DNA sequence: AATAACCCGAACAACGGTGTACGAGTTTGA
DNA sequence: TCAAACTCGTACACCGTTGTTCGGGTTATT
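Protein chains in written order, with the working numbering: chain A, 187 to 396; chain Y, 187 to 396.
Take a look at the structure:
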């Protein structure tokens, strides 16, 4: 639960990055993170030894930087979330027009990123708690919720469903599409249009003849 | 991979149920199955010891009936699938009218059953292969595919998406709803109507103004 | 009542994963 | 160049899970 380099000052306050790491250590941490994200994203049952081997490092070295498995997972989640966050912000910044167009753009440009976050989620919920994970998860959700709310105000999204449920369904289907691509049932190219036409149909205001 | 009671005749042919089990054994097998289905449906990281304890039986007794963990999972999958199959058939038999009404009925009456199948899926894919699982999974899918195809012919479901994807999305959202109920974000009562209004919007023919 | 089927607890071996300790080598940064 | 930082392999202890064995007790079936 504690990072290797985090030490305590006299008054017990936590220092984050006081003594700078050596260059090779920094590099190794990056490779560990990248390798682990890749492994956890593909396989289940990934051990610390697997990560070390795949990263071309010794197992002890991994433990030197991430004292426990939970620490590694936590760092991984933080890393993945920030990447997703950034991808969403980039997209929203250059998004123009109504919310449904923006949503289509968002799906197009971020659904692969969210993909990696998918399997990691299972490991994270297992190792960390579900609550702690969702707290990490929040910023990404908020962006989507905001976009959906904007769409409702613009009248391009339906208002007869709770926003929570709409956003949850949104992410759920994106994850599902990623699974289908991995299973070879949907091609990587076909997925975005499949997703947008499914999701927009789901979120559009419904005709009164229910 | 082999059931406790399955023996081989002289010519090596497999006998399924030749010597009938004693009544208490039959009863215990049933409780093991029910308990395990419940445990695997709720928690992750379920061990054979957990199953035995929850069933009020000795660990060895469990192994007496299911020689390996994989055997138990397999039996569990078969059991769950057959229950889902039966629930769907019951519903489809008394279903009247158009396919979209039938689908709404189907969701109403089977989404809790499919719920149990949800987390079990993760364990099953981990223990068994993904292919073997999907072979077990097929009959349930086929029923849904057939219903969707009927809806397309009747003109109440859209035809611009592959049936595979529509059915996959269907199950995906049902599983998602079950997760939300478990997380306490959606009440058990609200879920069915939430699901039907989401899913029907997703499957309905889309207005040409895309 | 007698036999076979069954359940049980305890104990054991094997395995894999986690986390720690040590000593020796290598790389960096000043 | 030199000390500190870092890496490495090996080895060890610990834990939980799986699967098996054995002997004695309990229950169903005829």
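Beta carbons are placed, not taken as given, at the ideal position from N, Cα and C, and that holds for glycine.
Values in this document were obtained by computation on a predicted structure and should not be read as measured data.
Contact annotation for residue 359 of chain A against chain Y: 355, 358, 359 [CB-CB distance below 8 Å, chain order]. CA-to-CA, the gap between residue 234 of chain Y and residue 255 of chain Y works out to about 7 Å. With respect to chain Y, the C-beta atom of residue 286 of chain A has no partner C-beta closer than 8 Å.
Here residue 257 of chain A is actually not in contact with residue 314 of chain A; their C-beta atoms are around 10 Å apart, not less than 8 Å. Neighbours of residue 231 of chain Y across chain A, judged by C-beta separation under 8 Å: 312.
If the five residues before and after residue 295 of chain A are omitted, its C-beta is found closer than 7 Å to the C-beta atoms of 273, 277, all from its own chain and listed in chain order. Interface criterion not met: the Cβ of residue 254 of chain Y is under 8 Å from no Cβ in chain A.
Annotation: Cβ neighbours of residue 388 of chain A in chain Y (cutoff 7 Å, chain order): 384, 387, 388. Residue 393 of chain A carries a coil assignment under DSSP once its states are collapsed to helix, strand and coil.
DSSP places residue 239 of chain A inside the alpha helix (DSSP H), whose first and last residues are 234–241. When A/211, A/231, A/242 are compared, the shortest CA-CA separation from residue 312 of chain Y is found for A/231. At the C-beta level, residue 378 of chain Y and residue 343 of chain Y stay beyond 8 Å of one another. Within the model, the alpha-carbon separation for residue 214 of chain Y versus residue 226 of chain Y is close to 18 Å.
Put simply, the CB of residue 317 of chain Y is far from chain A, with every gap to its CB atoms at 8 Å or more.
Sequence-distant Cβ neighbours of residue 353 of chain Y in its own chain, meaning closer than 8 Å and more than five residues away, are 327, 330, 331, 334. Per the coordinates, the alpha-carbon of residue 346 of chain Y lies some 20 Å from the alpha-carbon of residue 383 of chain Y.
When C-beta atoms of the region 361–377 of chain A are compared with those of the region 363–377 of chain Y, fewer than three pairs fall below 8 Å, so the two segments do not count as touching.
Residue 365 of chain Y: member of the alpha helix (DSSP H) spanning 349–368, first to last residue.
Each residue's CA atom was taken as its position, placing residue 298 of chain Y and residue 386 of chain A some 27 Å apart. At least one beta carbon of chain A lies nearer than 8 Å to the beta carbon of residue 351 of chain Y. If the five residues before and after residue 357 of chain A are omitted, its C-beta is found closer than 6 Å to no C-beta atom of its own chain.
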